[in-house]
Structures are given as C-alpha cells and as structure tokens.
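A.B. asks:
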Amino acid sequence: MSKVYYNSFFAMGTRLNVVFPYTDEELCERLFNMIENEVHRVELKLSYFIPESFVSRINNEAFKSSVMVDLEMLEIIKLCLNYNRLTLGAFDITMRRLVDFFKQNPEATETDLTSCMQYIQLDDEEKSIRFTDEQTKIDLGGFGKGYALEKVQRLVNDSPIESAFISFGESSILAKGKHPSGKTWQVGLNDYINSGQSVYSFELENGSVSTSSNYFLDDSGQLQFKANVINPITRNINKEIETVSVQSKSPLEAEILSTAMLSLNDEKTAALKEKLNEVEIVKIRYNSGEASITKF
23 MSKVYYNSFF AMGTRLNVVF PYTDEELCER LFNMIENEVH RVELKLSYFI
73 PESFVSRINN EAFKSSVMVD LEMLEIIKLC LNYNRLTLGA FDITMRRLVD
123 FFKQNPEATE TDLTSCMQYI QLDDEEKSIR FTDEQTKIDL GGFGKGYALE
173 KVQRLVNDSP IESAFISFGE SSILAKGKHP SGKTWQVGLN DYINSGQSVY
223 SFELENGSVS TSSNYFLDDS GQLQFKANVI NPITRNINKE IETVSVQSKS
273 PLEAEILSTA MLSLNDEKTA ALKEKLNEVE IVKIRYNSGE ASITKF
C-alpha cells in the first residue's frame, strides 16, 4: 500500500492543504514547494490588501493615469469583464466600495452606490488599464483563490503524481485521479444546522468544487450574514441563508460561478447553466430551518 504525503501552508487568509498518495516522497516535496511558491506569487500580485501588490498599484494609480500591465494581468481583467457579462452582472470585481459602505453602515439594507465595471478601460495594444471614475477599485477576492488553484492544477497535472487532493480553505477543492481506494474522491457539503452531517456529496475526479455562502457560524453556532457579500445586481445584502457549490473541470470557473450564483435566482441560474459545459450546481438554503437542496 502506498504512503500518503501531507503538507500545508498559509496563503490568502486561509490554509491550503495537500494530500498526495505517493511512492516518491522527494517528488511530493518538490511539487509541494512549487505549489507554495506559485500560490504566494499569485497572492502578491492579486491581493487587495497587500500594499505592494499589482492590484494595489492599479487601485492607487489607474484613475490618475493609465497603468501598464503585463500580459497575465491584462488577461485576468479581460476574463473578469467577460464573466461579468456572462453572469449578467452577478460577478463583479468593483464591489469593494459597496462592501465598505455596508460595513460602515451595519443597519443599512440597500444603497444607491452602483457597480464600477463600466469605468474600467483596457488597452490591448498598450497593455494598460485605466479607471474613468475616481471611486473605482478592483478586488479579486472572488477570483484569486480559484485562479491560484488553476495554476496549482497545471503543476499537478504536469507532474508524475497520479492522485492528489488539495483543499484551499475547505471551500475550494481540487482533485486529480481517484482516491487510493480506486473510487472517486467524495466532497461532502456540511449541514450547517445539523453539525457534523453532510447534506450533499460530489464525486470528484480530475476537477474542482468551489463553495460560496453569504453567512458564517458565530462562536455560539448561530448563522450570521456576511457583511461583504453584496448582490451586485440589487445592491443589497441577500437575506436568504444560502450556499452555492459548483463542480467544474476548472477551479477558476468553479470559484467565479459559485460567487456569482449567490446573486442569481433559480431561473437565471438554470439559464446560465445551459451555457456551460460539464458544470454541476447545487444551492442549499436554510431559511425554513432545515437544508433545502436545489440541483442544476
């Protein structure tokens, strides 16, 4: 029976854990180091909170003058703009000022502040970005973990390792190959009302699952709304206690869609699902006092 390699590191405000069933520990260690270096590289580039990040530089300078960007950043912003259109505005990287508004005004339920996506101007020829509105800031919080995990997926797929399970903050999961038992990897979704129980399970092989929610469990075990989850379309806090989980071959697509679909009703979610390939979507709502599951 093969041994199992475990390791982890802290990045993007959470912990990334790797599990490699292996026959060569040195190979696993090299791959782990490559993964850690790449995730930290992505974090340093995309973080909203690190003052030296590329995103911070854009936010500080792009209204004053065009900011030259490399090809990677140009493609990232273009991808975000494309998903904004695909999701009818539900995926929005300019929500930071709304998030800050609701944090500063906890009693508020809505605001006149709007999306700033229309103020982002990209120049393909010059490889530059500019904001045409002073209040515009980009925050890749609903993108960064998925993008980092997409890079990790490439590293793992390029390695001789046949099986891997990687958890990024427990909300973003990547699997390669099968479980050592020969079966698919099982990714269970917790029942947040009945602690320790699973309400749904994905069968994962060579793909990813991402879960987003608009609530958290406080120290007493009660569900509380997250102040940073704002519906970009209605510009208010969604008061339906909900999680959205998306299974996709692409960790980045899973991350983006799980974020966006918190803001889409079932009809729009089903319509968007028709435009996607090999994607499974599960919404779990708790307003009735128990888990209610809708699959797409």
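For what it's worth, the working numbering labels the leading residue of the sequence shown as 23, then goes sequentially.
Where a beta carbon is used, it is the ideal one built from N, C-alpha and C, also for glycine.
Using the three-state DSSP reduction, which class does Thr136 fall into: helix, strand or coil?
C.D. replies: The residue labelled residue 136 in the question sits at position 114 within the sequence shown. Coil, per DSSP.
A.B. asks: Could you check whether Ser75 and Lys67 sit closer than 9 Å to each other, using their CB atoms as the reference points?
C.D. replies: Along the sequence shown, read from residue 1 onward, the residue named residue 67 stands at position 45. Along the sequence shown, read from residue 1 onward, the residue named residue 75 stands at position 53. Going by C-beta atoms, Lys67 is nearer than 9 Å to Ser75.
A.B. asks: With distances taken from CA atoms, which of Lys167, Lys305, Ala276 is nearest Arg37?
C.D. replies: Position 15 of the sequence shown, counting from 1, holds the residue named residue 37. Of Lys167, Lys305, Ala276, the residue nearest in Cα terms is Lys167.
A.B. asks: Within this structure, are the beta carbons of Val304 and Phe224 separated by less than 9 Å?
C.D. replies: The residue labelled residue 304 in the question sits at position 282 within the sequence shown. The residue labelled residue 224 in the question sits at position 202 within the sequence shown. Result yes, Cβ atoms of Val304 and Phe224 sit closer than 9 Å.
A.B. asks: Within its chain, find whatever has a CB closer than 7 Å to the CB of Glu132; leave out the 5 residues flanking it on each side and keep chain order.
C.D. replies: The sequence position of residue 132 within the sequence shown is 110, counting from 1. Excluding residues within five positions, the ones whose Cβ falls inside 7 Å are Arg257, Asn258.
A.B. asks: Would you list, in sequence order, the uninterrupted alpha helix (DSSP H) runs of no fewer than 4 residues that lie entirely inside the segment 54 to 91?
C.D. replies: Complete alpha helix (DSSP H) runs here, min 4: 76 to 83.
A.B. asks: Is the separation between the beta-carbon of Lys205 and that of Ala186 shorter than 9 Å?
C.D. replies: Residue numbering aside, residue 205 sits at position 183 when the sequence shown is read from its first letter. Residue numbering aside, residue 186 sits at position 164 when the sequence shown is read from its first letter. No, Cβ-Cβ distance for Lys205 and Ala186 is not below 9 Å.
A.B. asks: Could you name the residues of the same chain whose beta carbon sits closer than 7 Å to that of Gln175, not counting the 5 residues immediately before and after it, in chain order?
C.D. replies: Numbered from its first residue, the sequence shown carries residue 175 at position 153. Result list for Gln175: Leu196, Pro273, in chain order.
A.B. asks: Going by CA-CA distance only, name the one from Arg79, Phe71, Gln143 that's closest to Leu103.
C.D. replies: Locating residue 103 in the sequence shown gives position 81, counting from the first residue. Of Arg79, Phe71, Gln143, the residue nearest in Cα terms is Gln143.
A.B. asks: Give the secondary structure of Phe124 by DSSP, where H, G and I count as helix, E and B as strand, and everything else as coil.
C.D. replies: Your numbering for residue 124 matches position 102 in the sequence shown. Helix.
A.B. asks: Start and end of the alpha helix (DSSP H) containing Tyr222?
C.D. replies: Taking the sequence shown and counting its residues from 1, the one referred to as residue 222 is at position 200. It is not in any alpha helix (DSSP H) - Tyr222 instead sits in the beta strand (DSSP E) that spans 220 to 226.
A.B. asks: When the Cα atoms are used, what is the spatial distance from Val251 to Leu96?
C.D. replies: Mapped onto the sequence shown, residue 251 falls at position 229. Mapped onto the sequence shown, residue 96 falls at position 74. For Val251 and Leu96, the distance between alpha carbons rounds to 26 Å.
A.B. asks: Can you tell me where the alpha helix (DSSP H) holding Ala170 begins and where it ends?
C.D. replies: Indexing the sequence shown from 1 puts residue 170 at position 148. Run containing Ala170: 166 to 179, per the alpha helix (DSSP H) assignment.
A.B. asks: For Met283, which option in Asn216, Ser150, Glu172, Asn236 has the closest C-alpha, if you only look at C-alpha atoms?
C.D. replies: Residue numbering aside, residue 283 sits at position 261 when the sequence shown is read from its first letter. Checked all of Asn216, Ser150, Glu172, Asn236; the closest Cα to Met283 is Asn236.
A.B. asks: Quick check on the burial criterion: 16 or more other C-beta atoms within 10 angstroms. Buried or exposed for Ile57?
C.D. replies: For this step, residue 57 is matched to residue 35 along the sequence shown. With 16 or more Cβ atoms within 10 Å of its Cβ, Ile57 is classed as buried.
A.B. asks: Judging by CA-CA distance, which residue of Leu226, Pro254, Val231 is the nearest neighbour of Glu275?
C.D. replies: For the purposes of this step, residue 275 is taken as residue 253 along the sequence shown, with counting starting at 1. Among Leu226, Pro254, Val231, the Cα nearest to that of Glu275 belongs to Val231.
A.B. asks: Run through DSSP, which three-state label would Arg257 get?
C.D. replies: Taking the first residue of the sequence shown as position 1, residue 257 is located at position 235. DSSP places Arg257 in coil when its eight states are reduced to three.
A.B. asks: Straight-line CA distance for Ser242 to Ile263?
C.D. replies: Looking up residue 242 in the sequence shown gives position 220. Looking up residue 263 in the sequence shown gives position 241. Near 17 Å, if we compare the C-alpha coordinates of Ile263 and Ser242.
A.B. asks: Rounded to whole angstroms, how far is the Cβ of Ser234 from the Cβ of Arg152, which I believe are closer than 8 Å?
C.D. replies: Taking the sequence shown and counting its residues from 1, the one referred to as residue 234 is at position 212. Taking the sequence shown and counting its residues from 1, the one referred to as residue 152 is at position 130. In fact, because the Cβ distance is near 30 Å, the residues do not count as touching under 8 Å.
A.B. asks: Buried or exposed: where does Met34 fall if 16 or more other Cβ atoms within 10 Å of its Cβ makes it buried?
C.D. replies: The residue you call residue 34 lines up with position 12 of the sequence shown. Met34 is buried by the Cβ-count criterion.
A.B. asks: For Gly218 versus Ser270, is the C-beta distance shorter than 9 Å?
C.D. replies: For the purposes of this step, residue 218 is taken as residue 196 along the sequence shown, with counting starting at 1. For the purposes of this step, residue 270 is taken as residue 248 along the sequence shown, with counting starting at 1. No, they are not a contact pair.
A.B. asks: Would you grab the beta carbon distance between Ala112 and Ser285 for me? Rounded to a whole angstrom, and I think it's under 8 Å.
C.D. replies: The residue given as residue 112 occupies position 90 in the sequence shown. The residue given as residue 285 occupies position 263 in the sequence shown. Right, the Cβ-Cβ distance comes to about 4 Å (below 8 Å), so this counts as a contact.
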